[in-house]
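*Asks:* Quick note, in our numbering, the sequence shown goes up one by one and the last residue is 258. Pasting in a structure now, in structure tokens, and then I'll have a few things to ask.
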Amino acid sequence: MEHLIYFVLLALAAEILGTVGGFGSSLFFVPIASYFLDFHSVLGVTAMFHVLSNLTKIAFFHKGVDRKLIASLGIPAVAFVVLGAYLSQFIVTKWLELGLSAFMIALSGYFLIFQNTIIKPTTFNSVSGGIASGFIAGLVGTGGSIRGITLAAFNLKMEVFIATSAVIDLAIDSSRTVVYASNGFIHKGDLYLIPILFVVSVLGTFIGKLLLRKFSESQFKKVVLLLILVTGIITGFTALQKL
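Take a look at the structure:
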């Protein structure tokens with residue numbers, strides 16, 4: 016029971032940070048869940064939690080949805096998350112986590128130092144970001160960092176960033192949940208967490224939205240990049256411990 020309380024409180028913190036960061040809670044939830052569950056259970060529970068989380072974010076931020084960006088970034092993300100989720104049962108993830116960590120640290124650090132750098136949201140850039148975020152989400156359970164860096168580089172408004180990311184994430188998580196279920200990663204013993212995580216997602220998103228009202232657009236972008244940088248460091252440290 017004590018472990019469940021800690022799990023729920025940490026999941027709530029992940030949801031708040033995921034809302035404030037604009038790219039979903041899985042970036043923070045995966046390392047947290049790893050302390051309580053085995054790797055494959057983490058993938059399954061994270062996918063279910065994120066479906067609930069993204070539905071909540073869409074409800075709170077639906078006015079910011081960018082349909083064009085959803086198509087160019089979201090469709091390739093969904094296609095490649097299925098491939099990544101399928102390959103997750105064959106690949107040793109610790110090396111992927113180290114590579115993801117280095118990538119997050121390097122890119123977030125670059126955009127923090129060179130704050131005036133803006134990448135145009137062209138079809139090529141959107142599709143590339145979608146492929147990378149979807150494939151990595153399927154392999155290691157979280158691709159939000161890649162999409163977060165992509166959207167931050169596009170210099171989108173806060174509501175557009177969060178709503179568009181949530182819609183794309185919902186499609187990604189719905190797809191990989193099906194694949195994880197077929198892989199046997201979603202266990203009956205974990206299903207009791209669904210109503211708990213639904214409450215966590217609503218409460219965490221609500222608190223996150225209240226906090227976002229205190230941020231300017233430029234501050235929001237810095238927060239996104241800082242959270243990705245910190246998560247990259249933590250991801251790298253955790254992966255090194257597995258070697």
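Think of the CB as a built atom: it goes at the ideal place given N, C-alpha and C, for glycine as much as any other residue.
1) Roughly how many angstroms separate the alpha carbons of GLU232 and MET173, rounded to a whole number?
2) Excluding the 5 residues flanking VAL57 on each side, which residues of the same chain have their C-beta closer than 7 Å to its C-beta?
3) Taking contact to mean 3 or more Cβ pairs, one atom from each stretch, closer than 8 Å, check whether the stretch 75-94 and the stretch 137-153 are in contact.
4) Are VAL35 and LEU206 close, meaning C-beta to C-beta below 8 Å?
5) Along the alpha helix (DSSP H) that carries GLN256, what are the first and last residues, could you check?
6) Going by beta-carbon coordinates alone, are ILE134 and ALA168 separated by less than 8 Å?
7) Inspect the CB distances between the stretch 18-32 and the stretch 174-193 and report whether three or more fall short of 8 Å.
8) What would DSSP say about VAL57, mapped onto helix, strand or coil?
*Replies:* Put simply:
1) On the sequence shown, residue 232 is found 217 positions in, with the first residue counted as 1. On the sequence shown, residue 173 is found 158 positions in, with the first residue counted as 1. GLU232 and MET173: Cα-Cα distance of roughly 6 Å.
2) In the sequence shown, residue 57 corresponds to position 42, counting from 1. The residues are VAL45, ALA48, SER49 and GLY156.
3) yes
4) On the sequence shown, position 20 is the one that residue 35 refers to. On the sequence shown, position 191 is the one that residue 206 refers to. Contact: no.
5) For this step, residue 256 is matched to residue 241 along the sequence shown. Note, GLN256: alpha helix (DSSP H), 232-256.
6) Position 119 of the sequence shown, counted from the start, is the residue given in the question as residue 134. Position 153 of the sequence shown, counted from the start, is the residue given in the question as residue 168. In this structure, ALA168 lies closer than 8 Å to ILE134 by Cβ.
7) no
8) What you label residue 57 is simply residue 42 of the sequence shown in a count that begins at 1. In this structure, VAL57 counts as helix in the three-state DSSP scheme.
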